[in-house]
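Numbering (full-length UniProt numbering), first residue to last: 1 to 449. The beta-carbon is built from N, C-alpha and C at its ideal position, and this holds for glycine as well. Computed from a predicted model, the values in this text were never measured in an experiment. Since the structure comes first, as structure tokens, the remarks are kept for the end.
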């Protein structure tokens, strides 16, 4: 296809007033530009005096360049080079390719969003895990005895304050800075404990501990003994006398978890074994009781009512007992926490419960093999070889007894072949000697290895 070109001519000449205007020729430049789809090209001189003849000339479109011959005083610009093939450009993409690229972009975007969500969730989980660890550490710290003491309150029945010696108890609690309160108890003459729960736990109030101390004088204790004796013999209690045993039985019926300790104050610690003073002997004689009767009551209270009786001399002994119980209660939460933890070296597995041995003796061979593997550097393959040659310890001991020298006994098992990984090796004299010492040594402190 031919293209119509129109020539442009530039004239470069000196000023008309210069002296060499006549001698220097003028220079003309002709350039070609595209004008349309016509098949002719025209070169035109823009000089007012000279012009090129216009005409139609056919040019081959496959030519690299075209030059026009002008007079010697005219310079014609060469025609731009034209290639026979189209210049390389961007390949036009199909709809499928565009759609594929869009899908890839969306997939990458979704992958980035998913990775962002995963990282956010991991960060949230790490934060929650750190918070849980922090709360667990704080709870564990609050369960330590020194912190639990701050949460305990010693509740004392007002009836106990009527005794002059009760000031010892109140003074001691105040000196050690333990909390105490004077409250009416369900069981008169008793001392109980309450524990403040952590604020995160929903509770209606402080937790009442199971421990209860019933502080009685000797006279009140004797009355309780009489009530127990009457109950044991089926006579029933006297209706006009409301003994402490009746009140105690009612409290235990309402709360079976209650742990009661009766502190008999004002008596010798060995009174119930026969060492009674004159006043106590007179009371016993009036009540018609003997040592055997008191022992019978103590056994009944311990076995059937879970009541412990402790004989004390003074309020100082009562105060020491109250302090000991308070310290024990402060240690209970932490102790329960540590006891619930499973042992780290006990894992679930078939070996955890050992080898089951049936009545017919099945399983004894496995027990014998495991006993051998307990020795240092004795593999299951070595144990299997040994138990195959000597199925029981008794058979091996009989083999030892048939040998005369100690050297032969120590090397009895050295020649047994052990097959491991397609290779054979001998047990060796070292393991053989250790097995012999483990079965025949009489010294429990002997080091086998």
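Query, Result
"Could you check the C-alpha separation between residue 133 and residue 141 for me, to the nearest Å?", "12 Å"
"Given a cut-off of 8 Å on the beta-carbon distance, is the pair residue 208 and residue 184 in contact?", "no"
"Below 6 Å CB to CB, which residues in the same chain sit around residue 179 once its five sequence neighbours on both sides are set aside?", "153"
"Taking residue 385 as part of the beta strand (DSSP E), name the residues at either end of that continuous run.", "Note, residue 385: premise wrong, no beta strand (DSSP E); alpha helix (DSSP H) at 380-389."
"Apart from the five residues on each side of it in sequence, which residues of its chain come closer than 6 Å, Cβ to Cβ, to residue 308?", "261"
"Evaluate residue 409 with the Cβ neighbour count: other Cβ atoms within 10 Å of its Cβ, from every protein chain shown; 16 or more gives buried, anything less gives exposed.", "buried"
"Taking only runs that begin and end inside the stretch 365-446, name each unbroken beta strand (DSSP E) of 3 or more residues, in chain order.", "417-420, 423-426"
"Starting from residue 169, trace the alpha helix (DSSP H) in both directions and tell me its first and last residue.", "166-175"
"If contacts are defined as beta-carbon pairs under 8 Å, then residue 188 and residue 263 qualify, I think. What distance do you get, rounded to the angstrom?", "Actually they do not touch by this definition, with Cβ atoms about 14 Å apart."
"With 16 as the cutoff for other CB atoms within 10 Å, does residue 123 come out buried or exposed?", "exposed"
"Which residue from 390, 168, 99, 393 puts its Cα closest to that of residue 323?", "168"
"Would you be able to state if there are at least three C-beta pairs under 8 Å between the stretch 391-402 and the stretch 436-449?", "yes"
"Can you list, in chain order, the residues of its chain whose CB lies under 6 Å from that of residue 381, leaving out five sequence neighbours each side?", "418, 420"
"With DSSP as the reference, label residue 337 as helix, strand or coil.", "helix"
"Starting from the Cα of residue 332, find the closest Cα among 424, 217, 406, 147 and give me that residue.", "147"
"Let's test the definition: count the other Cβ atoms within 10 Å of the Cβ of residue 314 and tell me whether it reaches 16, buried, or not, exposed.", "exposed"
"Does the Cβ of residue 390 have 16 or more other Cβ atoms within 10 Å, making it buried, or fewer, making it exposed?", "buried"
"What residues are listed by DSSP as bridge partners for residue 311?", "264"
"Residue 154 bridges to which residues according to DSSP?", "180, 193"
"Could you tell me which of 265, 305, 306 sits nearest to residue 312, measuring between CA atoms?", "265"
"Could you check the C-alpha separation between residue 337 and residue 259 for me, to the nearest Å?", "21 Å"
"What first and last residue would you give for the beta strand (DSSP E) that runs through residue 210?", "207-216"
"Residue 393 to residue 368, Cα distance in whole Å?", "7 Å"
"How would you call residue 174, buried or exposed, if buried means at least 16 neighbouring beta carbons within 10 angstroms?", "exposed"
"With DSSP as the reference, label residue 318 as helix, strand or coil.", "helix"
"Between the Cα of residue 249 and the Cα atoms of 214, 219, 218, which residue gives the shortest distance?", "214"
"Report back the beta-carbon spacing between residue 229 and residue 297 to the nearest angstrom; my notes put them in contact at under 8 Å.", "7 Å"
"Checking 8 Å against the spacing of the C-beta atoms, do residue 413 and residue 401 come in under that value?", "no"
"By DSSP, does residue 297 sit in helix, in strand, or in coil?", "helix"
"Once DSSP output is grouped into helix, strand and coil, what is the label at residue 245?", "helix"
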